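In what follows, a single structure is set out as structure tokens and then discussed.
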Ligand SMILES: Nc1ncnc2c1ncn2[C@@H]1O[C@H](COP(=O)(O)OP(=O)(O)OP(=O)(O)O)[C@@H](O)[C@H]1O
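In UniProt numbering, the protein residues as written are 1 to 730.
Right under this line is the structure:
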């Protein structure tokens, strides 16, 4: 780098940094004053307006409005301040030099948010999400264009593209780079990965990722890419983009992120705040059960399901496959359609063991009185009828109760108190039924589900599935494969649980979802658009196949990413060899080949490997096929490795360090070192295990160890020895 360029850049940075510092000070003082005024106004309001009636009520409401306006201004100003404080730590990371059609030249500095010259209002730093900043991510020089909000394209010539590493007012690196391959900033970031929680990639977004991030809210996207291609990162930067681009109509509460687990959510929870945005709403598919008010059941989690099916019989697996199949979805949809004409199952409603309204009566109301309406409207009409009936019954009962209570010889209270006692008794008698009616609980959901299993498909197999399901439902157990149908029916038939405030839903690891699960999410959020991200090969479930095949592609625009940024080239080559996948391009750094270590003393070998390869500031994970194997190995290793932590499903907070967990739980995360503790033929013996091994091998950023007893898993047997090093250590 020429000395003059460095000096120019250093001077520029110092100027910007000083200006930022000055503005932060001004804004902080201004905010302090604003806060003082608000507090004073509030206390004045509460002392002046003790009696808010008549004229003073009008005055009070006017004052309230002014106060609210002031508070909103205060919130906006403090948001501005926190954006400047984030900028101050690292004012910008890039610059593009452009020439417009009139021949005017400009240098545009790109950072996490916009910063303007306070007097002239000129933009000194452009928000990375501003339309013009997209030019930076095209990673090229020459003719280009960018689109402004009204849709028009503005042509420019990019004359240069510069990247920086900047800390406060200190310039650490300046790099003229027009293309990403060999990009030093990216490389130095890549060799830095897996130390802690996920980080933003905003300084090094690549052009294919940029297209996804900047797509319109209305585009329903499915982003597919191999391990480490940045899908989760793209998802997070896309959320930040949507929050910026649609800030007039969307905020953090209008976006819902559905991720595999609470632990995963914690892992990604720093990205949006790092980008100066609030975290958006987050849920897991499992938590939607709660939103659908299905807590009556004990529902199996996806991890419990994996464990059960790993050991499951052929029949159990067949039942799982049937319930997740497209054929069953069609059957279920037809069944729900048929309910318009006949067969809607209802409960007999009882109060204290006495019949309140019969199922027959409900059927009559459903098909005769309200038969012309949509299913959910009919149910809501019935709800009104039932609630009225309860009110009438209560009225009658109240009269009798009051009479009885008043007839008691001793004094038990005033009339008002007696009425309250009567109401409490009535609440006890009718409360439960009333709640159930509010939730349309008079529909027999279990029966509906059971009927759907054999609907227009009544044969020995479906009868068997129905019989087994009847038993589990009796025990209030919902297996994971039962969740989607029950949740779908609950959402669609009752039409009660829709949330129209959600405008965009991002779902990571989409290959884990069945089509029916997606239909449920859609039914619950009718106004939302979608960004789905996943990889059909990263399947850790022993039975789930081809979940991305079929109707999904009809409704979503597919985008593919094919470069992988996570692992060393050697690890990427090894994991690609597992599935003979030749399309993944590795952009990682070089490192050691994965090591296959044959040993009879697993514990000692692992302790030795940890001793020589684990650094405290990094993450090292030991993976076993299932929970039991992890627990056993954990107990064996704990005396040798006291810092070892067993990660369980209950864990909500992401931790780094030396960890042990089942392989299926590691999906989505990354670790400096991955050690597969049971890479043996008897642990991984099925065809689907190739996908599990592919997924877990791809978690490693720098080192991969496979500890084996000498019986190689079938899924690895075909891998040529050039892809790994072998060590025999008997
Ligand atoms: N453009 C980029 N610049 C710098 N780092 C990147 C970029 N894209 C991805 N990465 C890094 O690559 C790693 C993998 O990214 P991420 O976890 O988002 O990939 P993924 O496709 O979701 O992976 P998987 O499917 O295996 O879970 C992360 O450390 C991420 O920071």
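From the three backbone atoms N, C-alpha and C, an ideal C-beta is built for every residue, glycine too. Predicted model only: the values in this text are computed from it and were never measured.
Between residue i and residue j, how many whole angstroms is the CB-CB distance? I'm expecting something under 8 Å.
| i | j | result |
| --- | --- | --- |
| residue 5 | residue 256 | Contact flag wrong, Cβ pair sits at about 46 Å. |
| residue 306 | residue 504 | Their Cβ separation, rounded to whole angstroms, is 29 Å, which puts residue 306 and residue 504 out of contact at 8 Å. |
| residue 234 | residue 13 | The pair is not a contact, with the Cβ atoms about 29 Å apart (cut-off 8 Å). |
| residue 198 | residue 267 | 6 Å |
| residue 370 | residue 383 | With 8 Å as the limit, residue 370 and residue 383 do not qualify as a contact, their Cβ atoms being about 11 Å apart. |
| residue 437 | residue 386 | 5 Å |
| residue 284 | residue 261 | 6 Å |
For residue i, which three-state DSSP category applies?
| i | result |
| --- | --- |
| residue 512 | helix |
| residue 492 | helix |
| residue 647 | coil |
| residue 669 | coil |
| residue 373 | coil |
| residue 681 | coil |
| residue 11 | helix |
| residue 400 | helix |
| residue 466 | helix |
| residue 115 | strand |
| residue 640 | coil |
| residue 596 | strand |
| residue 556 | coil |
| residue 531 | strand |
| residue 455 | coil |
| residue 625 | coil |
Taking the C-alpha atoms as reference points, what is the distance between residue i and residue j?
| i | j | result |
| --- | --- | --- |
| residue 107 | residue 169 | 19 Å |
| residue 729 | residue 682 | 20 Å |
| residue 344 | residue 443 | 8 Å |
| residue 597 | residue 608 | 12 Å |
| residue 78 | residue 85 | 10 Å |
| residue 182 | residue 635 | Because the pLDDT at residue 182 is just 42, under 50, the model does not fix this residue reliably, and the value given afterwards should be weighed accordingly. Residue 182 and residue 635: Cα-Cα distance of roughly 45 Å. |
| residue 465 | residue 622 | 38 Å |
| residue 296 | residue 80 | 46 Å |
| residue 482 | residue 43 | 56 Å |
| residue 353 | residue 359 | 15 Å |
| residue 278 | residue 711 | 50 Å |
| residue 583 | residue 231 | 16 Å |
| residue 687 | residue 714 | 8 Å |
| residue 668 | residue 116 | 38 Å |
| residue 180 | residue 313 | Model confidence at residue 180 stands at a pLDDT of 48, short of 50, so the residue's coordinates are unreliable; what they give is reported in the following sentence. Answer to the nearest angstrom: the Cα atoms are 50 Å apart. |
| residue 303 | residue 19 | 52 Å |
| residue 500 | residue 578 | 44 Å |
| residue 533 | residue 32 | 44 Å |
| residue 346 | residue 516 | 24 Å |
| residue 118 | residue 91 | 16 Å |
| residue 134 | residue 140 | 11 Å |
| residue 163 | residue 173 | 8 Å |
| residue 10 | residue 16 | 10 Å |
| residue 458 | residue 325 | 16 Å |
| residue 430 | residue 365 | 21 Å |
| residue 653 | residue 73 | 35 Å |
| residue 216 | residue 707 | 47 Å |
Sort the options by Cα distance to residue i and report the nearest one.
| i | options | result |
| --- | --- | --- |
| residue 394 | 365, 351 and 358 | 351 |
| residue 144 | 136, 156, 152 and 134 | 156 |
| residue 315 | 591, 721, 461 and 492 | 461 |
| residue 544 | 227, 26 and 512 | 512 |
| residue 338 | 518, 386, 109 and 374 | 374 |
| residue 210 | 146, 268 and 272 | 146 |
| residue 159 | 100, 27 and 238 | 100 |
| residue 787 | 45, 322 and 128 | Only positions 1 to 730 of the chain appear in this structure, which leaves residue 787 out of reach. |
| residue 40 | 67, 28, 15 and 60 | 67 |
| residue 648 | 264, 202 and 58 | 264 |
| residue 658 | 698, 695, 613 and 628 | 613 |
| residue 487 | 637, 288 and 243 | 288 |
| residue 479 | 655, 200, 496 and 449 | 449 |
| residue 630 | 618, 653 and 602 | 602 |
| residue 690 | 716, 707 and 666 | 716 |
| residue 206 | 708, 587, 644 and 624 | 587 |
| residue 149 | 23, 244, 139 and 720 | 244 |
| residue 590 | 605, 574 and 580 | 574 |
| residue 259 | 137, 48 and 281 | 281 |
| residue 109 | 120, 694, 570 and 124 | 124 |
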